[in-house]
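S.K.:
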């Protein structure tokens with residue numbers, strides 16, 4: 228395995244936890260991820276970050292991804308990338324989104340568990356900590372935005388502009404469809420399985436899989452027993468069933484390994500950790516997968532999506548700047564600065580000017 232994600236889930240202590248506190252916790256976690264310990268120096272962990280090498284980071288920290296990942300493959304190293312799991316981490320702020328990008332974030336999961344409306348009012352997820360069910364999809368909770376609110380659409384466009392992978396694990400079906408139809412670049416489901424094989428609302432239904440195929444997107448299968456067999460017990464063969472189904476409906480280029488070993492309490496028999504990946508590969512080959520299809524599931528499919536996301540990015544384009552409406556912030560601890568004077572506020576005009584100059588400033592700093 229030659230690539231991995233440092234996933235930064237910022238989960239509130241309670242559903243009513245203030246988003247600012249979650250963001251501060253996330254900032255500390257993200258900083259710790261940028262400079263991880265290196266248990267095996269001969270297999271350096273390469274992390275994309277704008278910071279130059281220093282005493283805390285003895286590695287070549289600045290990479291151009293996904294070319295940096297391919298370089299790591301050639302050198303026998305592990306390419307480790309930073310992801311943020313949960314759109315509540317940006318506290319409904321496009322400025323915070325851009326700050327996380329500058330810190331090295333290269334994928335954002337739009338929503339996560341236990342996101343109350345004040346945290347992500349712009350993209351509904353399942354909102355209960357009691358069980359992994361999408362209450363929006365089961366009818367037990369009212370949707371906040373019927374997929375994506377206008378601000379949620381701006382978030383998607385800004386992620387496209389920056390070149391950040393959009394992750395649709397955890398979101399409602401309506402949000403899946405709205406994002407797949409809006410995004411200029413392919414998206415990923417970083418740890419979701421096939422709904423037709425196991426009818427958990429954390430999995431991807433076939434009509435969405437067909438959209439995945441149309442958009443060149445990717446579904447990376449989650450190994451959690453309850454998403455594989457819909458029971459507490461599962462086995463390696465059942466994981467292969469999910470991979471087979473996604474391949475059949477969306478194509479071999481839409482399949483990936485999602486793992487989630489660090490995020491779930493139960494994993495399939497025969498697939499207890501990454502050391503068992505060769506056994507899963509052997510099972511796929513036994514099922515007549517070609518070597519190229521297996522390589523795609525292991526890495527090449529994700530690299531293809533990542534390359535397409537970077538190609539669709541445009542840092543010279545004016546950023547999305549219209550803030551979320553004040554009345555949608557709910558219980559957020561966000562400042563009200565800039566709202567009172569309306570859209571014509573001079574503070575807003577200065578913000579737009581500075582944001583538009585940001586790419587030029589970055590280029591000058593690199594000279």
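Residue numbers (the working numbering): 228 to 594. Positions of the beta carbon are idealized from the N, C-alpha and C atoms, including for glycine. What you are looking at is a predicted structure, and each value in this text was computed from that prediction instead of being measured.
Are the CB atoms of residue 438 and residue 403 nearer to each other than 9 Å?
M.R.: The count along the chain shown starts at 1 and reaches residue 438 at position 211. The count along the chain shown starts at 1 and reaches residue 403 at position 176. Contact flag set, yes.
S.K.: Express the C-alpha separation of residue 534 and residue 479 in angstroms, rounding to a whole number.
M.R.: Your numbering for residue 479 matches position 252 in the chain shown. Your numbering for residue 534 matches position 307 in the chain shown. Answer to the nearest angstrom: the Cα atoms are 18 Å apart.
S.K.: Does the distance from the C-beta atom of residue 532 to that of residue 392 stay below 9 Å?
M.R.: Residue mapping note: residue 532 aligns to position 305 of the chain shown, counting from 1. Residue mapping note: residue 392 aligns to position 165 of the chain shown, counting from 1. Yes.
S.K.: Rounding to the nearest angstrom, what Cα-Cα distance links residue 429 and residue 303 in this structure?
M.R.: Start at 1 with the first residue of the chain shown, and residue 429 comes out as number 202. Start at 1 with the first residue of the chain shown, and residue 303 comes out as number 76. Between residue 429 and residue 303, the C-alpha separation is close to 34 Å.
S.K.: Tell me, please, which residues DSSP counts as bridged to residue 462.
M.R.: Looking up residue 462 in the chain shown gives position 235. The partner list for residue 462 (beta bridge, DSSP) reads 496.
S.K.: Do residue 491 and residue 450 have their C-beta atoms closer together than 9 Å?
M.R.: The residue you call residue 491 lines up with position 264 of the chain shown. The residue you call residue 450 lines up with position 223 of the chain shown. The answer is yes: Cβ separation under 9 Å.
S.K.: Judging by CA-CA distance, which residue of 334, 398, 400 and 427 is the nearest neighbour of residue 388?
M.R.: The count along the chain shown starts at 1 and reaches residue 388 at position 161. Of the candidates 334, 398, 400 and 427, the one whose C-alpha sits nearest the C-alpha of residue 388 is 334.
S.K.: Grouping DSSP H, G and I as helix and E and B as strand, with all else coil, what is residue 535?
M.R.: Looking up residue 535 in the chain shown gives position 308. If DSSP states are grouped into helix, strand and coil, residue 535 belongs with the helices.
S.K.: Give the DSSP-derived three-state secondary structure of residue 406 in the structure shown.
M.R.: For this step, residue 406 is matched to residue 179 along the chain shown. Helix at residue 406.
S.K.: Is the stretch 417-426 in contact with the stretch 492-508, if contact means three or more CB pairs nearer than 8 Å?
M.R.: Verdict: no, contact absent.
S.K.: Report, in whole angstroms, the separation of the C-beta atoms of residue 508 and residue 521, which I expect to be a contact under 8 Å.
M.R.: Residue numbering aside, residue 508 sits at position 281 when the chain shown is read from its first letter. Residue numbering aside, residue 521 sits at position 294 when the chain shown is read from its first letter. Going by Cβ atoms, the distance from residue 508 to residue 521 rounds to 6 Å, so yes, they are a contact pair.
S.K.: Enumerated in chain order, which unbroken segments of the alpha helix (DSSP H) with a length of 4 residues or greater are wholly contained in the stretch 423-464?
M.R.: Counting only runs of 4 or more, we get 433-442 and 452-455.
S.K.: Which residue marks the beginning of the alpha helix (DSSP H) containing residue 389, and which one marks its end?
M.R.: Looking up residue 389 in the chain shown gives position 162. First-last of the alpha helix (DSSP H) with residue 389: 377-389.
S.K.: How far does the alpha helix (DSSP H) with residue 302 in it reach, from first residue to last?
M.R.: By one-based count along the chain shown, residue 302 stands at place 75. Unbroken run through residue 302: none, as it is neither H nor E.
S.K.: For residue 570, collect the residues of the same chain with a Cβ closer than 7 Å to its Cβ; drop the 5 residues on either side in sequence, then sort them by chain order.
M.R.: Position 343 of the chain shown, counting from 1, holds the residue named residue 570. Per-residue confidence for residue 570 stands at a pLDDT of 43, beneath the threshold of 50, marking its modelled position as unreliable; the derived number appears in the next sentence. None.
S.K.: In whole angstroms, what separates the C-alpha of residue 399 from that of residue 435?
M.R.: Residue 399 sits at position 172 when you count from the first residue of the chain shown. Residue 435 sits at position 208 when you count from the first residue of the chain shown. So the two alpha carbons sit approximately 11 Å from each other.
S.K.: Okay, do the stretch 306-318 and the stretch 535-552 touch, 3+ Cβ pairs below 8 Å being the bar?
M.R.: Too few Cβ pairs lie closer than 8 Å, so no.
S.K.: Starting from residue 296, follow its DSSP beta bridges and name the residues at the other end.
M.R.: Here residue 296 corresponds to residue number 69 of the chain shown, with the count starting at 1. None; residue 296 has no bridge partner.
S.K.: Rounded to a whole number of angstroms, what is the C-alpha to C-alpha distance between residue 470 and residue 407?
M.R.: Position 243 of the chain shown, counted from the first residue, corresponds to residue 470. Position 180 of the chain shown, counted from the first residue, corresponds to residue 407. So the alpha carbons of these two residues sit roughly 21 Å apart.
S.K.: Compute the Euclidean distance between the alpha carbons of residue 468 and residue 528, then round it to the nearest angstrom.
M.R.: By one-based count along the chain shown, residue 468 stands at place 241. By one-based count along the chain shown, residue 528 stands at place 301. Going by the C-alpha atoms only, they are around 19 Å apart.
S.K.: Looking only at C-alpha atoms, which of 440, 484, 459 and 425 sits nearest to residue 476?
M.R.: As a first step, residue 476 is located in the chain shown; it is residue number 249 there, counting from the start. Looking at the Cα atoms, 440 is the closest of the given residues.
S.K.: With distances taken from CA atoms, which of 379, 536, 464 and 463 is nearest residue 555?
M.R.: Taking the chain shown and counting its residues from 1, one reaches residue 555 at position 328. When each option's Cα is compared against that of residue 555, the closest is 379.
S.K.: My output table needs one value for residue 414: the three-state DSSP class, helix, strand or coil.
M.R.: As a working mapping, residue 414 is identified with position 187 in the chain shown. Note: residue 414 maps to coil in three-state DSSP.
S.K.: For residue 537 versus residue 386, is the C-beta spacing smaller than 9 Å?
M.R.: Counted from its first residue, the chain shown places residue 537 at position 310. Counted from its first residue, the chain shown places residue 386 at position 159. No.
S.K.: In terms of alpha-carbon separation, which member of 460, 447 and 516 lies closest to residue 487?
M.R.: Locating residue 487 in the chain shown gives position 260, where the first residue counts as 1. Nearest option by C-alpha distance: 447.
S.K.: Would a C-beta distance cut-off of 9 Å place residue 431 and residue 410 closer than the cut-off?
M.R.: In the chain shown, the residue the question calls residue 431 occupies position 204. In the chain shown, the residue the question calls residue 410 occupies position 183. No.
S.K.: I need the straight-line Cα distance from residue 301 to residue 539, nearest angstrom please.
M.R.: Here residue 301 refers to the residue found at position 74 of the chain shown. Here residue 539 refers to the residue found at position 312 of the chain shown. Approximately 26 Å between the Cα atoms of the pair.
S.K.: Indicate whether residue 326 and residue 375 have their beta-carbon atoms separated by less than 9 Å.
M.R.: Residue 326 sits at position 99 when you count from the first residue of the chain shown. Residue 375 sits at position 148 when you count from the first residue of the chain shown. No, these two residues do not count as a Cβ contact at 9 Å.
S.K.: Would you kindly work out how many angstroms separate the C-alpha atoms of residue 390 and residue 426, rounded to a whole number?
M.R.: By 1-based counting over the chain shown, the position of residue 390 is 163. By 1-based counting over the chain shown, the position of residue 426 is 199. Each residue's alpha carbon lies about 32 Å from the other.
S.K.: What is the residue span of the beta strand (DSSP E) that residue 485 lies within?
M.R.: Numbered from 1 along the chain shown, position 258 holds the residue referred to as residue 485. Run containing residue 485: 482-486, per the beta strand (DSSP E) assignment.
S.K.: Does DSSP put residue 421 in a helix, in a strand, or in coil?
M.R.: On the chain shown, position 194 is the one that residue 421 refers to. Three-state result, residue 421: strand.
S.K.: Counting C-beta neighbours from all protein chains within 10 Å, is the total for residue 460 16 or more, i.e. buried, or is it exposed?
M.R.: Numbered from 1 along the chain shown, position 233 holds the residue referred to as residue 460. Its Cβ having fewer than 16 others within 10 Å, residue 460 is exposed.
S.K.: List the DSSP bridge partners of residue 394.
M.R.: Against the chain shown, residue 394 aligns to sequence position 167. Answer by DSSP bridge pairing, in chain order: 336 and 415.
S.K.: Could you name the residues of the same chain whose beta carbon sits closer than 6 Å to that of residue 289, not counting the 5 residues immediately before and after it, in chain order?
M.R.: Indexing the chain shown from 1 puts residue 289 at position 62. Per-residue confidence for residue 289 stands at a pLDDT of 42, beneath the threshold of 50, marking its modelled position as unreliable; no derived number is given.
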